[in-house]
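What follows is a set of notes on a single structure, which appears directly below.
Numbering (the UniProt record's numbering), first residue to last: 1 to 323.
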């Protein structure tokens with residue numbers, strides 16, 4: 001697969017693999033051996049960026065706890081030195097409540113826990129999962145600099161943060177990547193964020209680049225609105241109103257897919273890749289067919305006129321509502 005550079009020198013596959021859905025947020029966790037097979041198949045298909053987080057914990061069909069970091073750590077063992085392993089910390093669920101701890105003590109503990117769960121000696125890219133309103137970005141960045149010097153992490157990034165936070169952190173310890181939600185239906189942060197990232201040579205990792213499966217069109221997941229383990233039940237795009245609002249862009253994506261003998265998912269990922277050369281989407285899937293299909297999106301060429309046509313329709317969408 002083609003490569004892209006995050007930050008100044010972190011080389012990764014142009015499309016990464018987001019492992020969250022194997023264990024967390026999309027209903028019952030994928031059976032362990034099947035999930036390991038998917039991750040290893042991703043590597044065989046050229047994926048070299050694998051993304052997980054301490055927060056990604058779910059439940060297997062038998063009721064056992066599914067820990068995404070442990071799953072990813074086991075799956076990548078045969079090729080650990082050939083990939084970039086990314087995880088996130090400083091936020092966890094305790095008794096179903098989200099607890100954010102960006103203190104130096106809390107983040108250091110989180111890094112140590114991730115090293116243990118992943119069963120690795122160092123983490124290639126470690127993100128603060130979300131800012132702690134009680135801790136200044138300079139304090140977080142200073143700790144990350146210490147962790148880099150200690151060899152516990154190689155690069156650091158920030159997820160779900162605003163421009164001011166990123167600038168202040170980057171002034172203390174160079175930020176390699178920022179991760180946030182980004183797709184054709186989730187562009188609300190990009191206009192303000194991208195100029196700063198470009199100026200500072202910070203890469204952007206796009207999670208949910210397919211709007212949690214919505215932009216696959218005919219292959220959209222069937223959402224059980226009553227399944228509390230599936231967070232998609234609360235997403236606007238999976239409501240009847242949201243589906244209607246996005247109908248025009250969905251139709252154009254399907255049309256372009258037919259013209260290029262591609263899938264709607266490939267067109268959607270190609271659009272993301274076209275936005276900036278330092279953007280790396282990390283779609284997730286539990287299906288081998290989709291894994292291969294997503295990887296092939298790097299070969300789909302969208303012309304400038306096609307991008308303009310898509311963006312004209314997107315500008316009519318009230319994307320503040322979409323996830």
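Heads up, the beta-carbon is just placed ideally off N, CA and C, and yes, glycines get one too.
If you draw a straight line from the alpha carbon of residue i to that of residue j, how long is it in whole angstroms?
{"i": "residue 156", "j": "residue 70", "result": "20 angstroms"}
{"i": "residue 118", "j": "residue 297", "result": "29 angstroms"}
{"i": "residue 202", "j": "residue 147", "result": "19 angstroms"}
{"i": "residue 2", "j": "residue 46", "result": "8 angstroms"}
{"i": "residue 60", "j": "residue 124", "result": "28 angstroms"}
{"i": "residue 170", "j": "residue 199", "result": "12 angstroms"}
{"i": "residue 323", "j": "residue 75", "result": "Annotation note: pLDDT 47 at residue 323 (below 50); position unreliable, coordinate value reported separately. Distance between the alpha carbons of residue 323 and residue 75: 29 angstroms."}
{"i": "residue 266", "j": "residue 178", "result": "23 angstroms"}
{"i": "residue 207", "j": "residue 13", "result": "15 angstroms"}
{"i": "residue 307", "j": "residue 278", "result": "18 angstroms"}
{"i": "residue 24", "j": "residue 172", "result": "33 angstroms"}
{"i": "residue 121", "j": "residue 82", "result": "15 angstroms"}
{"i": "residue 260", "j": "residue 21", "result": "29 angstroms"}
{"i": "residue 167", "j": "residue 268", "result": "30 angstroms"}
{"i": "residue 185", "j": "residue 28", "result": "26 angstroms"}
{"i": "residue 181", "j": "residue 313", "result": "20 angstroms"}
{"i": "residue 48", "j": "residue 113", "result": "23 angstroms"}
{"i": "residue 17", "j": "residue 137", "result": "28 angstroms"}
{"i": "residue 149", "j": "residue 258", "result": "51 angstroms"}
On the criterion of 16 or more Cβ atoms from any shown chain inside 10 Å, does residue i qualify as buried, or is it exposed?
{"i": "residue 99", "result": "exposed"}
{"i": "residue 301", "result": "exposed"}
{"i": "residue 92", "result": "buried"}
{"i": "residue 324", "result": "What is shown of the chain runs 1 to 323, which leaves residue 324 out entirely."}
{"i": "residue 263", "result": "buried"}
{"i": "residue 11", "result": "exposed"}
{"i": "residue 9", "result": "exposed"}
{"i": "residue 293", "result": "buried"}
{"i": "residue 4", "result": "buried"}
{"i": "residue 299", "result": "exposed"}
{"i": "residue 52", "result": "buried"}
{"i": "residue 305", "result": "exposed"}
{"i": "residue 284", "result": "buried"}
{"i": "residue 64", "result": "exposed"}
{"i": "residue 6", "result": "buried"}
{"i": "residue 251", "result": "exposed"}
{"i": "residue 78", "result": "exposed"}
{"i": "residue 331", "result": "What is shown of the chain runs 1 to 323, which leaves residue 331 out entirely."}
Specify, as a first and last residue, the run of the beta strand (DSSP E) that residue i falls within.
{"i": "residue 57", "result": "57-59"}
{"i": "residue 12", "result": "10-13"}
{"i": "residue 3", "result": "3-6"}
{"i": "residue 50", "result": "49-51"}
Tell me which residue opens and which closes the alpha helix (DSSP H) that residue i is part of.
{"i": "residue 43", "result": "32-44"}
For a minimum of 4 consecutive residues, which ranges assigned as the alpha helix (DSSP H) are wholly contained in the segment 68-130? 68-75 and 104-118
Could you give the uninterrupted runs of the alpha helix (DSSP H) lying entirely in the segment 242-309, keeping only those of 4 residues or more? 247-259, 264-275 and 288-295
Output the residue ranges of the alpha helix (DSSP H) runs that lie fully inside the segment 173-204 and measure 4 residues or longer, sorted by chain position. 190-200
Report yes or no: do three or more beta-carbon pairs, one from the segment 81-88 and one from the segment 100-109, lie closer than 8 angstroms? no
Run through the segment 133-165 for me and flag every whole alpha helix (DSSP H) of 4 or more residues, listed as ranges in chain order. 137-150
At least three beta-carbon pairs within less than 8 angstroms, the segment 187-199 to the segment 157-176: yes
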